[in-house]
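Read through the structure below, which is laid out as structure tokens, and then see the notes.
Residue numbers (the numbering used here): 7 to 291.
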């Protein structure tokens with residue numbers, strides 16, 4: 007990966023950590039991310055061990071940041087005891103749309119290639135079967151319309167496509183015998199999907215399942231970062247379609263950028279999103 011990560015939370019050493027109102031601070035070969043999360047100052051020092059990185063190289067760092075934001079926010083929430091989500095729970099894995107960013111698509115493809123042959127074949131067959139089911143069903147009309155300047159249009163399209171996907175009843179291709187076979191490498195959308203309530207409600211059965219909100223969506227960070235680095239429009243990929251997408255975009259997976267430039271841009275985007283979330287919360291209160 008080429009980036010060594012050292013983290014501090016509240017002045018105490020910690021494997022995963024994040025940020026506070028400061029922006030990028032050069033530390034010789036290091037960069038520092040620092041923002042407040044749920045009233046706690048979380049800092050992450052990133053040591054750059056190589057000069058250039060691909061999109062996939064940025065994903066492990068995004069995972070570290072994501073886990074730190076999520077863990078810190080959940081630990082501070084007064085309703086944290088009412089969150090059923092944990093390793094081994096697959097309530098949402100058979101019904102929820104999982105969008106992934108281009109860097110994640112390339113990274114997950116690498117992870118799948120490194121699996122033992124038997125498990126790799128099982129995963130690839132599951133991905134192929136899920137992709138076929140998705141492609142046989144036309145998406146909602148709203149998704150096919152040209153983008154407009156209406157800020158509610160994107161939210162409406164997302165809701166429509168989520169309901170469409172749920173109706174397909176496509177289980178996650180990484181779900182093997184009721185457990186996630188890629189749990190440590192699971193997508194950012196999965197890492198930040200938690201609910202207050204019950205697993206039953208999350209799986210579509212009677213019950214309450216209220217999504218937990220977080221100050222920064224890390225999948226949105228990588229979508230925006232990719233668009234900035236490449237000079238392209240923002241895009242996300244439905245998880246089961248990722249292998250086909252990677253197969254037709256090989257050059258994008260091989261392209262590299264200066265590590266400092268790419269990581270500094272990620273830090274800036276995270277900081278901007280966190281500050282916007284803080285301002286929005288302040289206005290709402």
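Think of the CB as a built atom: it goes at the ideal place given N, C-alpha and C, for glycine as much as any other residue. All values derive from a computational prediction rather than experimental measurement.
Delimiting residues of the alpha helix (DSSP H) encompassing residue i
i: residue 112; result: 108-119
i: residue 128; result: 123-141
Own chain partners of residue i with C-beta closer than 7 Å, once the 5 adjacent residues on each side are dropped
i: residue 62; result: 109, 112, 113, 116 and 259
i: residue 18; result: Note that residue 18 scores 27 on pLDDT, short of 50, meaning its location in the model is unreliable; the coordinates nonetheless yield the value given after this. Excluding residues within five positions, none has a Cβ falling inside 7 Å.
i: residue 240; result: 229, 230 and 233
i: residue 167; result: 103, 145, 146 and 149
i: residue 2; result: Residue 2 lies beyond the residue range present for the chain, which begins at 7 and ends at 291; the question has no answer from this structure.
i: residue 170; result: 145 and 146
Residue span of the beta strand (DSSP E) that contains residue i, given as start and end
i: residue 62; result: Neither: residue 62 is in no beta strand (DSSP E) and is coded neither H nor E.
i: residue 217; result: 215-217
Neighbourhood of residue i by C-beta, 6 Å cutoff - its chain only, sequence neighbours within 5 removed
i: residue 180; result: 186, 187 and 188
i: residue 251; result: 111 and 243
i: residue 172; result: 101
i: residue 208; result: 97, 98, 201 and 215
i: residue 193; result: 104, 106 and 110
i: residue 227; result: 275 and 276
Span separating the alpha-carbon of residue i from that of residue j
i: residue 78; j: residue 44; result: 7 Å
i: residue 282; j: residue 221; result: 9 Å
i: residue 213; j: residue 203; result: 7 Å
i: residue 271; j: residue 68; result: 12 Å
i: residue 244; j: residue 49; result: 32 Å
i: residue 90; j: residue 200; result: 8 Å
i: residue 6; j: residue 144; result: Because the chain spans 7 through 291 in this model, residue 6 falls outside it and cannot be assessed.
i: residue 195; j: residue 285; result: 23 Å
i: residue 122; j: residue 84; result: 42 Å
i: residue 93; j: residue 280; result: 27 Å
i: residue 224; j: residue 142; result: 30 Å
i: residue 58; j: residue 232; result: 15 Å
i: residue 104; j: residue 98; result: 10 Å
i: residue 236; j: residue 276; result: 18 Å
i: residue 34; j: residue 216; result: Below a pLDDT of 50, predicted positions are generally treated as unreliable, and residue 34, at 49, falls in that range; the measurement from the model is reported next regardless. Rounded to the nearest angstrom, the two C-alpha atoms are 44 Å apart.
i: residue 60; j: residue 73; result: 21 Å
i: residue 124; j: residue 130; result: 10 Å
i: residue 138; j: residue 86; result: 38 Å
i: residue 261; j: residue 248; result: 18 Å
i: residue 342; j: residue 176; result: Residue 342 lies beyond the residue range present for the chain, which begins at 7 and ends at 291; the question has no answer from this structure.
i: residue 174; j: residue 64; result: 32 Å
Cβ neighbours of residue i in the same chain (closer than 8 Å, five flanking residues each side left out)
i: residue 76; result: 197, 198, 200 and 220
i: residue 238; result: 232
i: residue 36; result: 51, 52, 53 and 54
Opposing strand residues paired with residue i [DSSP bridges]
i: residue 145; result: For residue 145, which the question treats as bridged, DSSP gives no partner whatsoever.
i: residue 90; result: Looking at the DSSP assignment, residue 90 forms no beta bridge with any residue, so it has no partner.
i: residue 105; result: 244
Continuous alpha helix (DSSP H) assignments of at least 4 residues falling wholly in the stretch 237-275: 248-254 and 256-260
Runs of 4 residues minimum, wholly inside the stretch 164-242: which ones carry the alpha helix (DSSP H) assignment? 194-197, 205-208 and 224-236
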